[in-house]
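Input: a single structure, listed below in structure tokens.
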Amino acid sequence: MIIKTRFAPSPTGFLHIGSIRTALYSWLYARQNNGKFILRIEDTDINRTNSKYINHIFYILEWLGLTWDEGPYYQSSRYDFYKDIINLMLKNDLAYKCFCSIKRLSNLRKNYYKNSEKNIYDGFCRNKQFNYNKPYVIRFKNTSYRDSVIFNDIVYKKIKISNMILGDFIIQRSNGKPTYNLCVVLDDNNMNITHVIRGNDHINNTPKQIKIFESLQYNIPIYCHLPMILDNNKQKMSKRSGLCNMEYYINNGFLPEAILNYVIRLGWSYFNEEIFSISKMKYLFNLNKINKSPCRLDNKKMLWINKYYLSSLKYKKLLIYLKPIFEKKKISINAIDNISEIISYFCSKTFLLSEIVDYCNLFVDKKINFNYKKVKFYVSIDIYDLLVFFLKKISSNIVWNLININNLIKLSLLKFNFLNKKIIFKSLRFFITGKEETPNLSIVIYFLKKKKTILRIKNSIKYILKYFSNIIIS
RNA sequence: GUCUUUUUCGUCUAAUGGUUAGGACAUCGCUCUUUCACGGCGAUAAUAGGGGUUCAAAUCCCCUAGAAGACGCCA
Numbered sequence: 001m002i003i004k005t006r007f008a009p010s011p012t013g014f015l016h017i018g019s020i021r022t023a024l025y026s027w028l029y030a031r032q033n034n035g036k037f038i039l040r041i042e043d044t045d046i047n048r049t050n051s052k053y054i055n056h057i058f059y060i061l062e063w064l065g066l067t068w069d070e071g072p073y074y075q076s077s078r079y080d081f082y083k084d085i086i087n088l089m090l091k092n093d094l095a096y097k098c099f100c101s102i103k104r105l106s107n108l109r110k111n112y113y114k115n116s117e118k119n120i121y122d123g124f125c126r127n128k129q130f131n132y133n134k135p136y137v138i139r140f141k142n143t144s145y146r147d148s149v150i151f152n153d154i155v156y157k158k159i160k161i162s163n164m165i166l167g168d169f170i171i172q173r174s175n176g177k178p179t180y181n182l183c184v185v186l187d188d189n190n191m192n193i194t195h196v197i198r199g200n201d202h203i204n205n206t207p208k209q210i211k212i213f214e215s216l217q218y219n220i221p222i223y224c225h226l227p228m229i230l231d232n233n234k235q236k237m238s239k240r241s242g243l244c245n246m247e248y249y250i251n252n253g254f255l256p257e258a259i260l261n262y263v264i265r266l267g268w269s270y271f272n273e274e275i276f277s278i279s280k281m282k283y284l285f286n287l288n289k290i291n292k293s294p295c296r297l298d299n300k301k302m303l304w305i306n307k308y309y310l311s312s313l314k315y316k317k318l319l320i321y322l323k324p325i326f327e328k329k330k331i332s333i334n335a336i337d338n339i340s341e342i343i344s345y346f347c348s349k350t351f352l353l354s355e356i357v358d359y360c361n362l363f364v365d366k367k368i369n370f371n372y373k374k375v376k377f378y379v380s381i382d383i384y385d386l387l388v389f390f391l392k393k394i395s396s397n398i399v400w401n402l403i404n405i406n407n408l409i410k411l412s413l414l415k416f417n418f419l420n421k422k423i424i425f426k427s428l429r430f431f432i433t434g435k436e437e438t439p440n441l442s443i444v445i446y447f448l449k450k451k452k453t454i455l456r457i458k459n460s461i462k463y464i465l466k467y468f469s470n471i472i473i474s
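With the working numbering applied, the first sequence corresponds to residues 1 to 474, in that order.
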């Protein structure tokens, strides 16, 4: 028997980190067993389905490298298939038409809550042969309410749910479209899915689905419900919440391998290991070792993992990841001549791709626009003298290397020893880069090269002179 | 409210009846680079509470409390 797993998102929002883990686990399990991984788009809710979300699903799975072997199947294009089986179910007394109005059902529900009873359909149309000319839904004709459904979950082991709470649930809406619980069963059977790996918010759907499987005499797949990943408010992640959204991770410079590594460790572990490459995951991952308890995201740990992968990437691959971010920030790579040297140096010092790009931005050939409020803090006669001195020294005929640049800084510290050392560093940094926080000053100067450094200091000197004259005038 | 599930450092987790309750991230300290950052070293920190079973309980059983999900003509 070929192992078949599926990832079956509904395109009603952007994928979040929880769906990614579900996809990863399903994908891994299929790959470990030489099985097949199927992509199925569950788009039976016409009102909420949006094609941009479908494209997003493809994009993210491809970005992560979670390739699928079959599909994508669209449930919306399989209505005829579902329809045939619904008709069969009607014919074999496994389902019935229900003409109850929405108003009647909502009143029913209100009363149930008031009397704290089970909220299920009361079976008003169950054994009647109505044939009104008005809209109807089709309900599954559930078996004895005294039964309970028992199934063995890979993660949660034995789960027992009373048939009492299932009731005669709807399998076809009044608009003629089948509902989720029916489509899932028919598709999982039709596509020969052997293992259903999904979030545990579906645990309560599982008995309903098992009931349909049984009534149609299909083979019931093995279920594996994964504990929820909760957001920072300890709530189920919403497709709209920003921090869990995959767009956020991509735009902020996370690497796919880092995301997968972080996500596989939520609810699963292998001794004290933290780093899992794809091949290592395939080798070590074990469905039977998944935890039951829900977990929360830790952005700091994710950053740490991202840093790990960032520093281990080769320059060429790194550049592929960096290019779209450069473009998004409208920075031209060609404007920095020693870009490869700069990127190779900074990739081991940063947590995010976007940080590397920000650092690169320091070396772009452009005029610095000083923040006027901050200038006030740095500008003084002494700093002016310092810059003039530094300019003179750096313009001299020196070999451009880190040692010599360091020596120049040392020399300046000595010459201006009446100034606070921190002030000297901070001022040089500010007037050379326009920023208050940068990597090591001598490294920055080294990468900036002689010509640009001189130009920038000259501009800063001019700027300070102008600043002084403005003060005198006013 | 009903049903299902869950509870080990702040967070992710290890420990299948005998451990000094281990690791990672975070935090804090020290330390290197005459600055920040990075790095190196170290420290703080947990078995939800109460009963039981047992020579022995984080681990098995019961109760209580907290948390999450489900209870749709959403998926």
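No residue lacks a Cβ here, since even glycine has one placed at the ideal position from N, Cα and C. As the structure is a prediction and not an experimental result, all values here were calculated from the model.
Straight-line Cα distance separating residue j from residue i
i	j	result
G35	K282	13 Å
I409	K373	26 Å
D80	Y121	27 Å
E62	Y467	54 Å
Y82	Q172	10 Å
L391	Y308	39 Å
L405	R456	Here residue 405 turns out to be Ile, not Leu, going by the sequence shown. Rounded to the nearest angstrom, the two C-alpha atoms are 16 Å apart.
S293	L230	11 Å
K422	P439	15 Å
S279	S395	53 Å
T5	Y25	9 Å
K141	K301	49 Å
S76	F14	19 Å
Residue i (DSSP reduced to helix, strand or coil)
i	result
G433	The question names Gly, but residue 433 in the sequence shown is Thr. Helix, per DSSP.
P256	helix
E341	helix
T5	strand
V196	strand
Y136	coil
S174	coil
E42	coil
P439	coil
P72	strand
F377	helix
C98	strand
K393	helix
F37	strand
L24	helix
R549	The structure shown does not extend to residue 549, since the chain is modelled only from 1 through 474, so no value can be given for it.
F130	coil
P11	coil
Y483	Residue 483 lies beyond the stretch modelled for the chain, which goes from 1 to 474, so this question has no answer here.
N417	coil
S460	helix
R109	helix
Counterpart residues of residue i in DSSP-defined beta bridges
i	result
D153	K157 and Y223
H16	N245
E274	Paired residue(s): none; E274 is not in a bridge.
R296	L230
S148	S162
K236	L230
Which listed residue (the options) has its alpha carbon closest to that of residue i
i	options	result
P11	N33, V137 and Y59	Y59
I170	K110, T438, L90 and N440	L90
D298	K292, R265 and F124	R265
I443	Y463, L465, F363 and K462	F363
I343	E327, L88, S395 and L318	L318
F377	I464, K158, D147 and I472	I464
S51	D69, Y74, N33 and Y262	Y74
N407	S380, I432 and L441	L441
I161	I381, I210 and T22	I210
F213	L94, I339, S311 and Q235	L94
Buried/exposed call for residue i, threshold 16 Cβ in 10 Å
i	result
R48	exposed
M1	exposed
F351	buried
V149	buried
V399	exposed
N369	exposed
G253	buried
E327	exposed
F276	buried
E257	buried
F130	exposed
N371	exposed
S332	exposed
Residue i beta carbon near the ligand GDP (any heavy atom closer than 8 Å)
i	result
K141	You won't find the ligand GDP in this model; it holds no ligand whatsoever.
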